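All remarks here apply to the structure that follows.
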Amino acid sequence: MLRPPLNVVAIISAYNEADIIQAVIAHLIDQGVSVYLIDDGSTDDTVVIASAFLGRGLIGLEQRDRGNADDVFSWTDVLRRKEQLASTLEADWFIHHDADEFRESPWPATTLAEAIARVDALAFNAIDFHLLDFRPTEADATAPNADVRERQRHFQPAAPWNVKQVKCWKRTESVDLLSSGGHDASFRGRVIYPVKFVLRHYPFRNETQGARKVFIERKPRFLPDEIHRGWHVQYDSFTPGMPMQWSATELTLFDGPRVRKEIIERAVSSEAARWLLQRTEMLTDSVRSLEQERHQATETIAALEARLGHERFARDEALRNARAQHDGVLAARNALAARLRETYDSRSWRLTKPLRGAYSRLTGQLEADEAVPAVAIPKGVQWGDLARVTPFSDSWGTDRGLPIDRYYIEAFLRDCRGDITDAVLEVKDPGYAHAFGSDLTQVDVIDVTPSNTRATIVADLAVRESLPANTYHCFICTQTLHITPDIRASVAGAVQVLKPGGVLLCSIPAISRVNYEDGGLSSGDYWRLTAAAVAWLFRQEPDLEEVDIRTAGNIQSCTAFLYGLAAEELPREVLEFQDPWFPLLHCVRAVKR
494 MLRPPLNVVA
504 IISAYNEADI
514 IQAVIAHLID
524 QGVSVYLIDD
534 GSTDDTVVIA
544 SAFLGRGLIG
554 LEQRDRGNAD
564 DVFSWTDVLR
574 RKEQLASTLE
584 ADWFIHHDAD
594 EFRESPWPAT
604 TLAEAIARVD
614 ALAFNAIDFH
624 LLDFRPTEAD
634 ATAPNADVRE
644 RQRHFQPAAP
654 WNVKQVKCWK
664 RTESVDLLSS
674 GGHDASFRGR
684 VIYPVKFVLR
694 HYPFRNETQG
704 ARKVFIERKP
714 RFLPDEIHRG
724 WHVQYDSFTP
734 GMPMQWSATE
744 LTLFDGPRVR
754 KEIIERAVSS
764 EAARWLLQRT
774 EMLTDSVRSL
784 EQERHQATET
794 IAALEARLGH
804 ERFARDEALR
814 NARAQHDGVL
824 AARNALAARL
834 RETYDSRSWR
844 LTKPLRGAYS
854 RLTGQLEADE
864 AVPAVAIPKG
874 VQWGDLARVT
884 PFSDSWGTDR
894 GLPIDRYYIE
904 AFLRDCRGDI
914 TDAVLEVKDP
924 GYAHAFGSDL
934 TQVDVIDVTP
944 SNTRATIVAD
954 LAVRESLPAN
964 TYHCFICTQT
974 LHITPDIRAS
984 VAGAVQVLKP
994 GGVLLCSIPA
1004 ISRVNYEDGG
1014 LSSGDYWRLT
1024 AAAVAWLFRQ
1034 EPDLEEVDIR
1044 TAGNIQSCTA
1054 FLYGLAAEEL
1064 PREVLEFQDP
1074 WFPLLHCVRA
1084 VKR
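If you count the sequence shown from 1, you need to add 493 to reach my numbering.
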């Protein structure tokens, strides 16, 4: 089983960083990290620029109300707020991040999130960073207005008071940022990974911005109490009028591979790294042993499943034979009863009644029609385990195995896997796209809920203005349309996102429990459709040229689904029997003109 990706959140504080905030947020999202932004009262376009990322990796944006203290910068308040967020936000790891820095993995071709996951797998819970302070040079002043990382290529090592950069940690009950002024995240049981990650810091981007930042936006606004604690010393050497450019000869040209090589070599030479290598070997041996145990367990399970399947087949065969024998006897008895009743109702039987009466008086025997009771076809059902008014599962059978409707949906997508290629859009998560798709160039996720961190598009299918147009080769829209109030508008929106010739793969329930996830009885579930209704709905959409509807289910699979049973609990022949008079759901393959 693949290890699930970690949810990493960078908590950024910003004040007037409009020229760099877009690149910083975009970099983190590209590195697999979500962002929460605290704006400390910016007077430029920082908030406007950052807002464009809401729902696309930016999970929160708050603007701090500093009351009347417009000319005061309280780093204490910012750090306390970050400590609070680290206790309340849903995440596996956190990064205490600034708005003018870029953090990177020490390993090439590895995203920041992947590298943090590697550290997590080795049972470490904190990460230190190797800080590089990039400075503008004379050459940068004439460079084109590109990404600051391309424009400013020269750096100087971190100052001694800035070397400690333990600013990434695994979720814990509480973290202390305040004691160290934000340089050293402290918490109980901390174990720092011995290899530092890369931190590229760009506090100054040009002379104008640098002078404004130091002499207007920072130094005059620092609190005396924080200065007394030894904070904010980074600007002590700057005086008004001094140049905010450096000579390239005083700096080092950035070479990413060389920097990473030096970080690894420095770590390997340490005692902690040697301990890490030993621990890695131990973990590798443990993993190898666990893999062998898993393989043995898999073989045991396969043997048990084969035996169970054989016994189940034998049981089912015996049950079928018993049922056939029972049905045969019942049919013969009913046929005899019918013939007997025909005899009793016949004219000849009525005409011979006096003779039979005389015979019975002479012999002392009852008449035949008095001795033989009427035979009725038995009524009633042996309910067994189904004699209940609540289901076995409240969640469609997910706690018992594969839900029965998902069995049919996955069979449908498997048949249509040739359509799931190129650029694909899916609702809520990309699971089906990756499971059944091939040659994927782009996979996006759409959801109406901004809190879904997997969603790359936050939009309502019924609101066409919120949707992209002519973008995707395939849209996988399973079990969604019935929870939208305006179902016709949602179909039109689903077609809008497709390229010409694109394919919509859709499923709609014909029967199901009420959806409890999106509002429940009041607003979360609206429609159950027949095949005729599905055909009418999709053929109202003028941009579709081909609509193929597949109906799945039968009386037994529908009943089992409502009871919350899983697909594994039904025989395959039951699942595969399709009865259009008792549909469980409809699957639609529609092609855009």
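For every residue, glycine included, the Cβ atom is placed at its ideal position computed from N, Cα and C. The model shown is predicted, which means the values in this text are computed figures rather than measured ones.
{"Query": "Alpha-carbon spacing of tryptophan 586 relative to isoleucine 756, whole angstroms", "Result": "22 angstroms"}
{"Query": "Beta-carbon proximity of tyrosine 901 to alanine 1045, cut-off 9 angstroms", "Result": "yes"}
{"Query": "CA-to-CA distance, glutamate 1039 to tyrosine 529, given in whole angstroms", "Result": "44 angstroms"}
{"Query": "Rounded separation between glutamate 666 and serine 580 - CA only", "Result": "7 angstroms"}
{"Query": "Option nearest aspartate 532 by Cα separation, candidates Gln524, Glu810, Ala543", "Result": "Ala543"}
{"Query": "Own chain, CB closer than 6 angstroms to lysine 712, minus 5 neighbours either side, in chain order", "Result": "Tyr728"}
{"Query": "Per-residue burial, asparagine 814 [other beta carbons within 10 Å of its own, 16 or more giving buried]", "Result": "exposed"}
{"Query": "Stretch pair the segment 734-744 + the segment 640-649: three plus CB contacts closer than 8 angstroms", "Result": "yes"}
{"Query": "Between the CA atoms of glutamate 555 and aspartate 538 - distance to the nearest angstrom", "Result": "14 angstroms"}
{"Query": "Nearest residue (CA-CA) to arginine 957, options Leu716, Val941, Leu895", "Result": "Val941"}
{"Query": "Tyrosine 695 in three-state terms, based on DSSP", "Result": "coil"}
{"Query": "Beta-carbon proximity check, aspartate 915 vs leucine 933, cutoff 9 angstroms", "Result": "yes"}
{"Query": "Endpoints, beta strand (DSSP E) assigned at threonine 934", "Result": "931-940"}
{"Query": "Alpha-carbon spacing of leucine 605 relative to leucine 692, whole angstroms", "Result": "11 angstroms"}
{"Query": "Exposure label - aspartate 1041; buried when at least 16 CB within 10 Å", "Result": "exposed"}
{"Query": "Cβ neighbour criterion (16 or more within 10 Å) applied to threonine 791", "Result": "exposed"}
{"Query": "Under the three-state DSSP convention, the category threonine 745 falls into", "Result": "strand"}
{"Query": "Euclidean distance between Cα positions of glutamate 607 and alanine 962", "Result": "32 angstroms"}
{"Query": "Valine 882 classed as buried or exposed, judged by whether at least 16 other C-beta atoms fall within 10 angstroms", "Result": "exposed"}
{"Query": "Alpha helix (DSSP H) segments (min. 4 residues) lying fully within the segment 1007-1059", "Result": "1013-1016, 1024-1032, 1048-1055"}
{"Query": "Chain-order list of residues whose beta-carbon lies under 8 angstroms from that of alanine 632 (same chain, five-residue window excluded)", "Result": "Ala741"}
{"Query": "Proximity below 9 angstroms, CB of leucine 582 to CB of glycine 553", "Result": "yes"}
{"Query": "Of the listed residues Ile504, Gly525, Gly877, nearest to threonine 483 (C-alpha basis)", "Result": "Only positions 494 to 1086 of the chain appear in this structure, which leaves residue 483 out of reach."}
{"Query": "Through-space distance from valine 988 to aspartate 591, alpha-carbon basis", "Result": "42 angstroms"}
{"Query": "Where valine 1081 falls, given that 16 or more other Cβ within 10 Å makes a residue buried", "Result": "buried"}
{"Query": "Beta-carbon proximity of asparagine 509 to glutamate 710, cut-off 9 angstroms", "Result": "yes"}
{"Query": "CA nearest to the CA of alanine 616, picked from Ala652, Arg664, Pro629, Cys999", "Result": "Arg664"}
{"Query": "Contacting residues, own chain, Cβ-Cβ under 6 angstroms from tyrosine 1056 (five flanking each side not counted)", "Result": "Pro884, Phe885"}
{"Query": "Spatial distance of leucine 1063 from glycine 894 (CA atoms)", "Result": "11 angstroms"}
{"Query": "Contact belief for leucine 1078 with proline 1002 at Cβ below 8 angstroms, rounded distance in angstroms", "Result": "5 angstroms"}
{"Query": "Nearest-angstrom beta carbon gap, glycine 550 and tryptophan 527 [assumed within contact, 8 angstroms]", "Result": "Note that residue 527 is serine in the sequence shown here, rather than tryptophan. Confirmed, about 6 angstroms."}
{"Query": "Alanine 904 to valine 1027 span [Cα, whole Å]", "Result": "19 angstroms"}
{"Query": "Three-state class that DSSP yields for tryptophan 600 in the structure shown", "Result": "coil"}
{"Query": "Same chain, Cβ closer than 7 angstroms to asparagine 1008, neighbours up to 5 away in sequence not counted", "Result": "Ile976, Gly1017, Asp1018"}
{"Query": "Which listed residue (Pro896, Ser1015, Pro993) has its alpha carbon closest to that of glutamate 1061", "Result": "Pro896"}
{"Query": "Nearest neighbour of alanine 982, chosen from Arg1065, Trp600, Arg899, Leu954 [CA to CA]", "Result": "Leu954"}
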